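Let me begin by presenting the structure, written as structure tokens, before commenting on it.
There are 2 protein chains.
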Amino acid sequence: MEKNKKGYIGIAQINPTTGDIEHNSLKIKNFIEQAQKMNLDLVVFPELCIVGHPLLDITDRYPFILEESMKWLEELAKITKSTTAVVGFAEPAGGAKYHSSVAIMANGKIQKIIRKISPKQTPLFNDIKYFEPAQTKEENIIEINEIKYSICIGEDINTNLPQKTDIIINCNALSSQSDNDFSQIATKYNTPIITVNQVGTTDNITFEGSSKVFDKNGKLIARAKSFEEQLLVVNPLQEIGEIYPETHNTNIHHESFSLDYEFDMERTYKTIIQGIKDYFNKNGLKRAVLGLSGGLDSTVCAVLLTDALGAENVYGVSMPSKITSNESKSDAEQLANNLDINYTQTPIIDMFETTNNCFQKLFTTVEKNWKDRYQKSFTPDNIQARSRAMILWGISNEFPSTIPIATSDKSEAYMGYATINGDMSGGFAPIADITKTKLFALARWLNKNRPTKNAIPESIILKRPGAELAIDPKTGKPLIAEDALMPYEFLDEAIWRIENKKENYKDMINSKFLYETTHQVSKEQKKEWLDKFYKRMAGALYKKSIMPPYVIVDTTSPCTIPISSKINYKGHSTEEIQNIIKTNLN
Amino acid sequence: MEKNKKGYIGIAQINPTTGDIEHNSLKIKNFIEQAQKMNLDLVVFPELCIVGHPLLDITDRYPFILEESMKWLEELAKITKSTTAVVGFAEPAGGAKYHSSVAIMANGKIQKIIRKISPKQTPLFNDIKYFEPAQTKEENIIEINEIKYSICIGEDINTNLPQKTDIIINCNALSSQSDNDFSQIATKYNTPIITVNQVGTTDNITFEGSSKVFDKNGKLIARAKSFEEQLLVVNPLQEIGEIYPETHNTNIHHESFSLDYEFDMERTYKTIIQGIKDYFNKNGLKRAVLGLSGGLDSTVCAVLLTDALGAENVYGVSMPSKITSNESKSDAEQLANNLDINYTQTPIIDMFETTNNCFQKLFTTVEKNWKDRYQKSFTPDNIQARSRAMILWGISNEFPSTIPIATSDKSEAYMGYATINGDMSGGFAPIADITKTKLFALARWLNKNRPTKNAIPESIILKRPGAELAIDPKTGKPLIAEDALMPYEFLDEAIWRIENKKENYKDMINSKFLYETTHQVSKEQKKEWLDKFYKRMAGALYKKSIMPPYVIVDTTSPCTIPISSKINYKGHSTEEIQNIIKTNLN
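Same order as they appear, the protein sequences are chains A and B. Note that the working numbering numbers the first sequence so that position 53 is 542, with each residue one more than the last. Note that the working numbering numbers the second sequence so that position 576 is 1065, with each residue one more than the last.
This is how it looks when you write it as structure tokens:
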């Protein structure tokens, strides 16, 4: 056997499928063999990569997969030769519990096992539920070709500080990594750090990849690709390694709300594209069908699906009602032509009429018992949205590996401005974590940055969003969403302030919104919008609970509030509280 | 002021609404004043009762409610007199973090605050995310009327063991409590224990109440009502206190699957009734509308809704298609009459025809691009189910405070044997955690135990379940669910084994199912059923993710598996693994 190349290390940034041990093991085998061919000293894999990540309750329901993955690991060890492989796995620790461990494998054997001490500290993972910390601080040093390596897993790099070695190896699986932290640790120990990350998406959780190497002074000397599998070869002691461009520009943090989304567009785009691809691939899906309304939401969804699945696997259906304008119809068709996706038009006028007729008789009957029927209702609007969803689900039932797409965006999901079993229904919701103002920016960015320029007709970007489900009696034209809700710029800032600044009602009243710097907004108007904002947000909790799977784009988004809860967002002064307590009689 | 009654303690078993500090505070005030009127020494409340439980991410999104609840607590303290109140609250600990604390309040002041050390250890709560443990073991002893009390919160009764006092008070908020644990602790310390529990339901989490008192020998001497608010007065040192019947018979645990559900019927019934009531009350809802098919699922739902909401607030709609038998129609009507609920019949034949016509043209168009259209599909079945849901959502849109009911049961939810935007759609799903065999038992129990006997027509219980959406070509009659799936008795045992025994495929193959003791089942047949069971269970993950809110009845049910996951439930032998690794070429 040829002598190994001293200090050369392969970073195996892989995209495992959660629970699919066979698939993941063969992927690991592939990377080990590549590394062996190059005679590397070492090839390192992400944390838990043989079972994938996150596991959630998988080991609770299927504890046997822990034993199963051990069997695969032992067989993988047998194929190792002079290149040492460091592979993250879930080591059985009784029932559903597991250690997050790495196996050091070489020359046909597992040479050593290192176990993690610190649990994951991020709200996106509940693995902590089944994580069993190592009982004792493990001896975590290995020596290869006269170079000493400390091996540590995930968060242990912060707590389980290694003795002085030549190189620190950190097997990780992080949604996003802060360069600063790793750079500081390298500096602190005056030792180079290699941190290998998972890539790929599991449902809503994105792993960006971008595995990194820092030299002993904390300087970045290598970075793997973002959003791609890769075997990146580095030699930290000789400062050898390529720095691939990082998608995420972590240098820009807005201290206040801004409409400047440009800095985050590429990451947003790639996050959603990887999210769609992995959701489809990992679930055996191939094709998407969506309604094309000529509006912004369905338009951006169509572009993203085209890029992720290929134009031949996307079907756009225009489903006009009586209210639908000719402009909307032609915009939808133009978009489909530009994207070269499959396209057809199916009016819902008959379905609407039949359902509406059935409803009028039925409601009159029900009204005999329940006498407080609404004077005005959204029922006709909803019939349209639900007839459309019925058509899309019909196509998905009739053609293999096909799912319909829910086109709700984040602003509307927050406000519950979407129809249950209508536009918010589908097998996947690509833009459910993109606010409307960001969506406009994304549409412009797509028109500029895709190989086919200006696929999105300018008229779609210019028109004011509205569901085209009802006529506004004031204007005689289809209702504009901002008139029913509030200006999107204002709405999106309220969302931003809640998620990023944890502001309450009073904070929002007492400081100027960006929208207020360019528009005259009366105090009463602002209060009305904020009242509506909080009321609708609370009312939307149920709808959010049945939202189809979507990719988390903003790490500030995930939030579960009990539906059966009630928050007085305005609070009370001490005097008010005293008054309420005094006047309440038992 | 009259001298207090020495050693008399009020157990304030209250039902708070999560986040509704005003509502909860006034409830607490009411109980404090009642206790004061009786001149009790002490009135004790559940853990965190001023903010309710579980909080999930509420304090992350609305951190100000922690400060707000402090203000209310301070004002509540002012109304206290000689009766000491022990009130659980969430004490601000920086940002979204809080201590689970209790305030000892008397004579118009907060006299002392005690903080919890141990986090909740149950998978049903994620409060641990924001729980800040007390830094130091607190002095937790108070003395009233010459009696010494140790006050401890929730799990601290296990870890933060008190010095010897006269009585241990445990402020708790537990989904279910094991008598044995508390009894043993009382015995261990040779000290009486009072454990006060929350009652009520928050979305899917049930608090049963049943607050308990044990004497120093571990003997139960008092128990509050199950599923009801109550101020129960006890005197542990004088062994004074009433033992109300407990709904949950914890003495019976089946070691293997059994169809004997009788022992658990009352708890099951009361859990769902409280779940419906609290979901409706806490969310400002009043009325339910549901489809009555003449089948078991919708029938049991109708009975439960009637008992929870009152017959006048339930609307049953029979929505026959061409396939619906006369028997189904008359069974549905008979049931509605027996329950005295509102009832009407609306055929879906027109909606079906119109939709089906639209679909036939559309599918032919789509087929030009996507040539692999299914030869056989469930599309016509789904049109029926979705038309029905459209009608129910229509009624809910048209009448205030009304939601449609999803009638899926647990066996079918596990198998994904339900239509998206069809029978699994609704604002609440009363029986989503009841398996089909248990549902039959519940139907019989309801007929025997409700004031109005035999409300459920015998013919509904006797017929074999089927969705009546399609004709079985083999029989010329509507398809029976067990023929499409497997016998429910077998299916429910497979579910039971996974949840309770964590069995894998091989375990199930190698041991006899109850069904096999009474029926001849070939090895091939059993394999076919199990293969179908695992395949459908994996395929149903997406559907489960969009299931409407429901009450957890089996504590073994909650389980989140990533949709984008793949488990080889059969596993591989070492030889097979070696073979796969060997033959896989890169």
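Cβ atoms here follow ideal geometry from the backbone N, Cα and C, with glycine treated the same way. All values reported here derive from a predicted model rather than from experimental measurement.
Inter-residue CB distance, residue i and residue j (contact presumed, cutoff 8 Å)
{"i": "Gly905(B)", "j": "Ala878(B)", "result": "Between Ala878(B) and Gly905(B) the Cβ distance is about 16 Å, and since that is not below 8 Å, they are no contact."}
{"i": "Ala585(B)", "j": "Pro552(B)", "result": "5 Å"}
{"i": "Gln525(B)", "j": "Glu718(B)", "result": "No, Gln525(B) and Glu718(B) are not in contact; Cβ-Cβ is about 18 Å, not under 8 Å."}
{"i": "Ser1054(A)", "j": "Gly508(B)", "result": "4 Å"}
{"i": "Ile949(A)", "j": "Leu785(A)", "result": "6 Å"}
{"i": "Asn693(A)", "j": "Pro1038(A)", "result": "6 Å"}
{"i": "Arg550(A)", "j": "Cys1048(B)", "result": "5 Å"}
Spatial neighbours of residue i in its chain, beta-carbon cut-off 7 Å, leaving aside the 5 residues before and after
{"i": "Asn661(B)", "result": "Pro535, Glu536, Gly643, Thr684, Val685, Asn686"}
{"i": "Gly955(A)", "result": "Pro967, Leu968, Ile969, Ala970"}
{"i": "Gly707(A)", "result": "Ser672, Gln673, Ala675, Thr676"}
{"i": "Asp829(A)", "result": "Ala800"}
{"i": "Ser810(B)", "result": "Ile837, Ile838, Phe841, Gln873"}
Partners in chain A for residue i, counting only beta-carbon separations shorter than 7 Å
{"i": "Phe848(B)", "result": "Gly883"}
{"i": "Met840(B)", "result": "Thr843, Thr844, Cys847"}
{"i": "Ser807(B)", "result": "Those do not exist, as Ser807(B) stays about 12 Å from chain A at its closest Cβ, beyond 7 Å."}
{"i": "Asn1073(B)", "result": "Leu515, Lys518"}
Contact set for residue i: own chain, Cβ-Cβ below 6 Å, skip 5 residues either direction
{"i": "Glu628(A)", "result": "none"}
{"i": "Val540(B)", "result": "Ser558, Ala579"}
{"i": "Leu794(B)", "result": "Ala777, Val803"}
{"i": "Met840(B)", "result": "Ser876"}
{"i": "Pro725(A)", "result": "Ile656, Pro681, Val702"}
{"i": "Asp645(A)", "result": "Lys605, Ile606, Ser607"}
{"i": "Lys759(B)", "result": "Phe716, Thr736"}
{"i": "Met754(A)", "result": "Trp934"}
{"i": "Pro622(A)", "result": "Ile606"}
{"i": "Lys495(A)", "result": "Asn634"}
{"i": "Gly499(A)", "result": "Ala524, Leu529, Val532, Leu720, Val722"}
{"i": "Gly764(A)", "result": "Thr690, Val1040"}
Sequence-distant residues of its chain with Cβ nearer than 8 Å to residue i (five each side left out)
{"i": "Leu774(B)", "result": "Tyr768, Ser890, Thr891, Ile892, Gly916"}
{"i": "Met490(B)", "result": "With a pLDDT of 48 at Met490(B), under the threshold of 50, the predicted position of this residue should be treated as unreliable, though the coordinate-derived value follows. For Met490(B), where only same-chain residues beyond five positions count, the Cβ hits under 8 Å are Lys570, Ser571."}
{"i": "Leu748(A)", "result": "Thr926, Ala930, Glu978, Leu1003"}
{"i": "Ser819(A)", "result": "Gly783"}
Cross-chain neighbours of residue i in chain B, by beta carbon under 9 Å
{"i": "Arg550(A)", "result": "Ile987, Glu988, Lys991, Cys1048, Ile1050, Ile1056"}
{"i": "Thr506(A)", "result": "Ser1053, Ser1054, Lys1055"}
{"i": "Val855(A)", "result": "Val778, Tyr804, Val806, Asn831, Thr833, Ile884, Glu887, Phe888"}
Partners in chain B for residue i, counting only beta-carbon separations shorter than 8 Å
{"i": "Thr868(A)", "result": "Gly883, Asn886, Glu887"}
{"i": "Glu1013(A)", "result": "Per Cβ cutoff of 8 Å: no residues; Glu1013(A) is ~23 Å from chain B at best."}
{"i": "Asp767(A)", "result": "Ser1053"}
{"i": "Ala878(A)", "result": "Asn910"}
{"i": "Glu1089(A)", "result": "Because residue 1089(A) is not part of the residues shown, which for chain A are 490 to 1075, the question remains open."}
Identified DSSP bridge partners for residue i
{"i": "Gly499(B)", "result": "Val532(B), Val722(B)"}
{"i": "Arg460(B)", "result": "Residue 460(B) falls outside the range modelled here, since chain B spans only 490 to 1075, and no answer is possible."}
{"i": "Lys494(A)", "result": "Leu529(A)"}
{"i": "Ser1054(B)", "result": "Thr507(A)"}
{"i": "Arg712(A)", "result": "Lys701(A), Ile732(A)"}
{"i": "Asn641(A)", "result": "The sequence given here has Cys at residue 641(A), not Asn. The partner list for Cys641(A) (beta bridge, DSSP) reads Asn659(A)."}
{"i": "Tyr804(A)", "result": "Val778(A), Asn831(A)"}
{"i": "Thr690(B)", "result": "Thr695(B)"}
Closer than 8 Å at the beta carbon, the chain A residues around residue i
{"i": "Trp859(B)", "result": "Arg776, Tyr804, Asn831, Phe888, Thr891"}
Residues that residue i contacts on chain A, provided the C-beta gap is smaller than 9 Å
{"i": "Pro1037(B)", "result": "Tyr1031, Ser1034, Ile1035"}
Listed by chain order, chain E residues near residue i by CB distance under 7 Å
{"i": "Trp561(A)", "result": "The structure shown contains no chain E; the protein chains it does contain are A and B."}
Contacts that residue i makes with chain B (C-beta to C-beta distance below 7 Å)
{"i": "Leu958(A)", "result": "Simply none; closest approach about 12 Å."}
Worksheet item: Taking the runs of the beta strand (DSSP E) that are 3 residues or longer, which of them lie wholly in the stretch 861-942 of chain A?
Response: 891-893
Worksheet entry | Residue ranges of each beta strand (DSSP E) within the stretch 552-637 of chain A, 3 or longer | 573-581, 587-595, 598-604, 630-633
Item to complete: Write down every uninterrupted run of the alpha helix (DSSP H) in the stretch 962-999 of chain B whose length is 4 residues or greater and which is fully enclosed by it, in chain order.
Response: 970-973, 977-985, 994-998
Practice prompt. Could you pull out every unbroken alpha helix (DSSP H) segment of at least 4 residues lying fully inside the stretch 813-863 of chain B, listed in chain order?
Written response: 815-828, 838-858
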